[in-house]
Amino acid sequence: MRLSQYPVNTTKETPSEAEVISHKLMLRAGLIRRLAAGIYTFMPMGLKTLRKVERIIREEMDRAGALELLMPAVQPAELWQESGRWDQYGPELLRLKDRHQRDFVIGPTHEEVITDVARRELRSYRQLPVNFYQIQMKFRDEIRPRFGVMRGREFIMKDAYSFHADQASLAEGYEAMKRAYTRMFERMGLSFRAVRADTGSIGGTASEEFQVLADSGEDAIAVSDADDYAANLELAPALPPAGARPAPSQPLARVPTPGARTIEEVSKLLGIAPARCLKTLIVDGSDGGTVALVLRGDHELNAVKAQKIPGIANPLRMAQPARVREATGTEPGYIGPVGLPMRLIADHSALALADFVCGANAKDEHLTGVNWERDLPAAEAADLRNVVAGDPSPSGQGKVQIRRGIEVGHIFQLGRKYSEAMQTTVLDPEGKALTPLMGCYGIGVTRIMAAAIEQNHDDKGIIWPDPIAPFTVLLVTLNHDRSEPVRQLADQLYAALGAAGIDVLYDDRDARPGVKFADAELLGIPHCIVIGDRGIAAGRLEYRNRRAGTTEEIAANDVLAEIQRRLAAA
Ligand code: ATP
Ligand code: MG
Numbered sequence: 000m001r002l003s004q005y006p007v008n009t010t011k012e013t014p015s016e017a018e019v020i021s022h023k024l025m026l027r028a029g030l031i032r033r034l035a036a037g038i039y040t041f042m043p044m045g046l047k048t049l050r051k052v053e054r055i056i057r058e059e060m061d062r063a064g065a066l067e068l069l070m071p072a073v074q075p076a077e078l079w080q081e082s083g084r085w086d087q088y089g090p091e092l093l094r095l096k097d098r099h100q101r102d103f104v105i106g107p108t109h110e111e112v113i114t115d116v117a118r119r120e121l122r123s124y125r126q127l128p129v130n131f132y133q134i135q136m137k138f139r140d141e142i143r144p145r146f147g148v149m150r151g152r153e154f155i156m157k158d159a160y161s162f163h164a165d166q167a168s169l170a171e172g173y174e175a176m177k178r179a180y181t182r183m184f185e186r187m188g189l190s191f192r193a194v195r196a197d198t199g200s201i202g203g204t205a206s207e208e209f210q211v212l213a214d215s216g217e218d219a220i221a222v223s224d225a226d227d228y229a230a231n232l233e234l235a236p237a238l239p240p241a242g243a244r245p246a247p248s249q250p251l252a253r254v255p256t257p258g259a260r261t262i263e264e265v266s267k268l269l270g271i272a273p274a275r276c277l278k279t280l281i282v283d284g285s286d287g288g289t290v291a292l293v294l295r296g297d298h299e300l301n302a303v304k305a306q307k308i309p310g311i312a313n314p315l316r317m318a319q320p321a322r323v324r325e326a327t328g329t330e331p332g333y334i335g336p337v338g339l340p341m342r343l344i345a346d347h348s349a350l351a352l353a354d355f356v357c358g359a360n361a362k363d364e365h366l367t368g369v370n371w372e373r374d375l376p377a378a379e380a381a382d383l384r385n386v387v388a389g390d391p392s393p394s395g396q397g398k399v400q401i402r403r404g405i406e407v408g409h410i411f412q413l414g415r416k417y418s419e420a421m422q423t424t425v426l427d428p429e430g431k432a433l434t435p436l437m438g439c440y441g442i443g444v445t446r447i448m449a450a451a452i453e454q455n456h457d458d459k460g461i462i463w464p465d466p467i468a469p470f471t472v473l474l475v476t477l478n479h480d481r482s483e484p485v486r487q488l489a490d491q492l493y494a495a496l497g498a499a500g501i502d503v504l505y506d507d508r509d510a511r512p513g514v515k516f517a518d519a520e521l522l523g524i525p526h527c528i529v530i531g532d533r534g535i536a537a538g539r540l541e542y543r544n545r546r547a548g549t550t551e552e553i554a555a556n557d558v559l560a561e562i563q564r565r566l567a568a569a
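And the structure:
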């Protein structure tokens, strides 16, 4: 492709709406253009990378034996009513009516449609297992679309759904997808981790996310520093502290703490570390009452863990201030577990404290020297908190480290949720009805592009991994319009590289070298050949490697072979 024929509008200025580097660079390089919030056009150069990503995904899905199909974006509401998700899915689901006032949705995902396909097409256990996949546009009316295509509203997903006669087959199909995903992301040159994930409200048995490691990632991941344990922070268990609780050594005292409500304020005022103060959070119970959750002051509540405890509202809801006042007789900031008239659940590490500080259930007062089983009965013990760096790893090996990640894929053993709700059966060997188990496997195709850039860039621009670069080689001419020898050699090389099947971009613009090199670095094409009069005279051309940042001379009559050698090594 000749750059003179390509409408790339690169810019030096950083667009003000972009917060993360991938978004900035995608806009500056002209890969995407915004149409509306979370809705983007992929410009030709951006689409080239997208197609390469898709191709790797297709090859690995096909290799794993999955069958590609293509389902509609627009789906009738009846299917969503059948599965129960018409009511459960909040405002993220874009609903619309056709001219006959019939309800439809724009698919945020395709479990309903594929289950409908399966119940019509699959007859016998002999047709199982089967895995259908598609690469297709989704719409989710995200509450906060941001970071460009990282969290868009319209985006492309690869979604796959498998059907199985029994759990052993589902587990096997799930492992096959895990292997396929691992190969794909390795081929794309990404640094990633398969991370245990919450199975959430869908139920299901096993679930892992594929997280591309990047500081800008929205997800926190707990990893072990000693083995390959990795779990989403939502899920990573915090082990109870080893050893018994120390014996009480201080008397219980009531101290004035005027105006000090937060752990920070109380700890500062009393000169006691936050880790020795307890915070008490009042949440809604599932029966209409309230429940008190007690944590160490330096720990954070983990909502996913808390809402799984029977008796606690799911999803977790903090109690309204008026209810808190009614239930505790005091205001937020001064609540504590001593004498609190409601169910009390404490995190393991809160229960392990002796001589702690907590609210006195009276305005402007706290208690010090408080001890479980002396001053109040021991609360129910539970794991309520996020793990923190330095905690023992749940794997039993090493310590926890917290990393950030971008979720690019998610694999999930669904079980019979959809097949049961939508009455999908095949005949088993005895001729009886069998309800298949399902797995589902998603990949954020457009998000991968952003994630790859988060991991591969410098202050000058993108550094594409070879396999997903829009072009593999960039030919840059100097003095293009005035030098016939430069044009001739470049035209020749352009043809030769193209004939050898190499994806080459030819910067044949009549622009200053500084402009061409700045664009070369911004666009991030991995291999660059510079053709100028001086080099031609010496019989040597310049080769620049974008990733290594190196410049070398190569023989002008050997360019094709040199490039081929480098591509093979990449
Ligand atoms: P997230 O937690 O990021 O919202 P999700 O759990 O809703 O993701 P899934 O329903 O599992 O995502 O979708 C499969 C994949 O689709 C995700 O792993 C992610 O890579 C991608 N994806 C989900 N939402 C978006 C979005 N708004 N924009 C771009 N990609 C997305
Ligand atoms: Mg989501």
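Heads up: the sequence shown at position 166 corresponds to 165 in numbering that gives the first Met the number 0, and the numbers run straight through without jumps.
For glycine and all other residues, C-beta sits at the position ideal for the given N, C-alpha and C.
Keep in mind that this is a model prediction, so the values were computed, not measured.
Status (buried if at least 16 other CB within 10 Å, exposed otherwise) for residue i
{"i": "Arg27", "result": "buried"}
{"i": "Asn556", "result": "exposed"}
{"i": "Asn231", "result": "buried"}
{"i": "Pro14", "result": "exposed"}
{"i": "Lys431", "result": "exposed"}
{"i": "Val485", "result": "buried"}
{"i": "Val514", "result": "exposed"}
{"i": "Lys23", "result": "buried"}
{"i": "Ala377", "result": "exposed"}
{"i": "Val115", "result": "Per the sequence shown, the amino acid found at residue 115 is Asp instead of Val. Buried, because 16 or more other Cβ atoms sit within 10 Å of the Cβ of Asp115."}
{"i": "Val73", "result": "exposed"}
{"i": "Gly172", "result": "buried"}
{"i": "Glu18", "result": "exposed"}
{"i": "Leu69", "result": "exposed"}
{"i": "Gly438", "result": "buried"}
{"i": "His365", "result": "buried"}
{"i": "Asn8", "result": "exposed"}
{"i": "Lys96", "result": "exposed"}
{"i": "Ile105", "result": "buried"}
{"i": "Met60", "result": "buried"}
{"i": "Ile410", "result": "buried"}
Residue i beta carbon near the ligand ATP (any heavy atom closer than 6 Å)
{"i": "Val407", "result": "yes"}
{"i": "Glu12", "result": "no"}
{"i": "Met448", "result": "no"}
{"i": "Arg139", "result": "yes"}
{"i": "Gly441", "result": "yes"}
{"i": "Met42", "result": "no"}
{"i": "Phe154", "result": "yes"}
Residue(s) in a DSSP beta bridge with residue i
{"i": "Arg402", "result": "Ile220"}
{"i": "Thr549", "result": "Asn544"}
{"i": "Gly438", "result": "Ser161 and Gln412"}
{"i": "Ala460", "result": "With the sequence shown as reference, residue 460 is identified as Gly, and Ala is not the correct amino acid for it. Gly460 is bridged to Asp457."}
{"i": "Ala580", "result": "Past the edges of the chain, shown from 0 to 569, lies residue 580, and the structure says nothing about it."}
{"i": "Leu249", "result": "Reading off the sequence shown, one finds Gln at residue 249, where the question assumed Leu. For Gln249, which the question treats as bridged, DSSP gives no partner whatsoever."}
{"i": "Leu280", "result": "Leu292"}
{"i": "Leu67", "result": "The identity of residue 67 in the sequence shown is Glu, whereas the question assumes Leu. Answer is Tyr132."}
{"i": "Ser123", "result": "Leu426"}
{"i": "Phe146", "result": "According to DSSP, Phe146 bridges with nothing at all."}
{"i": "Asp346", "result": "Ala381"}
{"i": "Ile105", "result": "Val73 and Leu93"}
{"i": "Asp506", "result": "Val475"}
{"i": "Tyr39", "result": "Arg33"}
{"i": "Ile528", "result": "Leu474 and Tyr542"}
{"i": "Gln210", "result": "Arg192 and Glu406"}
Near the ligand GTP: residue i beta-carbon under 6 Å from a heavy atom
{"i": "Arg150", "result": "This structure lacks the ligand GTP; its bound ligands are the ligand ATP and the ligand MG."}
C-beta neighbour in chain B for residue i, strict 7 Å
{"i": "Ser123", "result": "Annotation note: the requested chain B is absent from the structure, which comprises a single protein chain."}
Are the region 448-467 and the region 479-494 touching, with three or more C-beta to C-beta distances below 8 Å? no
Sufficient close CB pairs (3 or more, under 8 Å) joining the region 278-288 to the region 339-358: yes
The region 342-358 contacting the region 187-195, beta-carbon criterion three pairs below 8 Å: no
Whether or not the region 222-231 and the region 389-401 are in contact is what I'm after, with contact meaning three or more pairs of Cβ atoms, one per stretch, closer than 8 Å; do they touch? yes
For the 8 Å Cβ check, are there 3 or more pairs between the region 126-137 and the region 158-165? yes
Is it the case that the region 549-566 contacts the region 42-59, given that we only count it when at least three CB pairs across the two stretches are under 8 Å? no
Is the region 403-412 close to the region 250-261, with three or more CB pairs under 8 Å? no
Segment contact, 8 Å Cβ cut-off, at least three pairs: the region 321-331 with the region 293-311: no
Is it a yes or a no for the region 240-254 touching the region 418-431, going by three-plus beta-carbon pairs under 8 Å? no
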